[in-house]
Amino acid sequence: ATERMVTEAYRHYQQNDAPEVMAEFRRAYCHAEAPIEAVAVFDTVKSLGFRAPFVWRWAEVKHAFHNHRLGRSIRHGFHALALDETREAFKPVLWETREEWNGKIQQVWFRGSHSDVGGHLTGFTAARPLSNIPLVWMIERLEGCALPLPDGWRGRFEMNADAPSVGTWRNWGKIFLARKKRVVGQDPSERLHPSATGRSPRADEFEESAVLDV
Numbered sequence: 006a007t008e009r010m011v012t013e014a015y016r017h018y019q020q021n022d023a024p025e026v027m028a029e030f031r032r033a034y035c036h037a038e039a040p041i042e043a044v045a046v047f048d049t050v051k052s053l054g055f056r057a058p059f060v061w062r063w064a065e066v067k068h069a070f071h072n073h074r075l076g077r078s079i080r081h082g083f084h085a086l087a088l089d090e091t092r093e094a095f096k097p098v099l100w101e102t103r104e105e106w107n108g109k110i111q112q113v114w115f116r117g118s119h120s121d122v123g124g125h126l127t128g129f130t131a132a133r134p135l136s137n138i139p140l141v142w143m144i145e146r147l148e149g150c151a152l153p154l155p156d157g158w159r160g161r162f163e164m165n166a167d168a169p170s171v172g173t174w175r176n177w178g179k180i181f182l183a184r185k186k187r188v189v190g191q192d193p194s195e196r197l198h199p200s201a202t203g204r205s206p207r208a209d210e211f212e213e214s215a216v217l218d219v
């Protein structure tokens with residue numbers, strides 16, 4: 006029964022059913038409150054799990070997020086973003102800060118591409134010390150939310166802000182021809198990680214006050 010309910014809940018979400026239909030489902034099968042301490046994501050892009058070259062534009066409606074807001078039950082939102090990604094198929098989805106929402110959002114830009122920030126290096130291990138920077142930042146945020154971690158965990162992740170980037174043209178990246186700089190500064194929650202200062206050509210687009218204090 007639980008599996009069936011999960012499947013039905015996802016179907017309601019996927020089809021973006023009428024609000025009254027989803028409200029009735031919640032009343033019948035869901036807890037009134039389900040507090041979530043944190044949502045942590047790495048360079049969330051425009052479509053849900055669909056990155057096929059050339060055809061992504063036509064599938065976008067089916068796979069798109071229904072909104073760009075965090076729910077009222079979420080206390081913290083952490084989003085690591087790739088400052089140097091240019092492929093339009095990997096256009097990021099930033100959360101929108103709302104005055105009536107009582108949680109805290111941090112959306113931080115890092116040097117590198119979607120692969121660097123997400124950690125999928127396609128065999129280019131030289132980029133691992135760069136990729137570890139957003140990973141360590143994210144784990145630190147979750148540690149601050151009382152996530153239990155082993156002693157000395159930071160020592161497992163070598164970090165080097167000058168390490169090479171995977172870039173956007175490696176392997177299948179060559180297929181994505183539509184390119185555009187990402188737009189920064191759309192939401193007051195955005196910050197620049199200091200490791201990108203002086204290293205990413207786009208770091209100068211941020212005011213000094215927007216550089217994250219770590």
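Counted the way this note's numbering counts, the sequence shown spans residues 6 to 219. From the three backbone atoms N, C-alpha and C, an ideal C-beta is built for every residue, glycine too. The structure displayed is predicted, hence computed values, not measured ones.
Taking the alpha helix (DSSP H) that residue i falls in, what are its first and last residues?
i: Phe30; result: 24-34
i: Gln19; result: 7-20
Tell me which residue opens and which closes the beta strand (DSSP E) that residue i is part of.
i: Trp114; result: 109-115
Please name the residue or residues paired with residue i in a DSSP beta bridge.
i: Leu197; result: Trp114, Val216
i: Phe211; result: Per DSSP, none; premise fails for Phe211.
i: Ile244; result: Since the displayed the chain opens at 6 and closes at 219, residue 244 lies outside it and no answer follows.
Can you look up residue i in the DSSP assignment and give me helix, strand or coil?
i: Leu152; result: coil
i: Arg184; result: strand
i: Val50; result: strand
i: Trp177; result: helix
i: Trp61; result: Any answer about Trp61 is weak, because its pLDDT of 49 lies below 50 and its placement is not dependable; what the coordinates show is given next. The answer is helix: DSSP assigns Trp61 an H, G or I state.
i: Ser205; result: coil
Rank the options by C-alpha distance to the C-alpha of residue i and give the top, closest one.
i: Glu42; options: Thr12, Leu75, Gln20, Ala14; result: Leu75
i: Thr148; options: Ala45, Thr7, Gln19; result: Reading the sequence as shown, one finds Glu at residue 148 and not Thr. For Glu148, the nearest C-alpha among the options comes from Ala45.
i: Phe220; options: Thr12, Val11, Leu217, Glu8; result: Absent from the model: residue 220. The displayed extent of the chain is 6 to 219, so no value can be given.
i: Ala39; options: Ser120, Lys51, Ser78, Leu140; result: Ser78
i: Pro139; options: Leu154, Arg159, Cys150; result: Arg159
i: Met10; options: Leu135, Asp121, Ala33, Ala131; result: Ala33
i: Thr202; options: Phe47, Pro155, Ser214; result: Ser214
i: Gly178; options: Cys35, His119, His81; result: His119
i: Asp121; options: Gly108, Asn107, Phe95; result: Phe95
i: Pro193; options: Val219, Glu104, Thr173, Arg204; result: Glu104
i: Pro134; options: Phe47, Glu13, Pro169; result: Pro169
i: Cys35; options: Gln19, Thr49, Tyr15; result: Tyr15
i: Arg146; options: Pro206, Val219, Asn72; result: Val219
Examine chain D for any beta-carbon lying closer than 8 Å to the beta-carbon of residue i, and answer yes or no.
i: Ser136; result: Absence of chain D from the displayed structure is noted, only one protein chain being present.
My parser needs the beta strand (DSSP E) runs of 3 or more residues fully inside the segment 72-104; what are they? Listed in chain order, they are 79-87.
Please specify which runs of the alpha helix (DSSP H), each continuous and at least 4 residues long, are wholly inside the segment 119-172, giving them in chain order. Counting only runs that start and end inside the segment 119-172, the alpha helix (DSSP H) elements of at least 4 residues fall at 119-123, 133-148.
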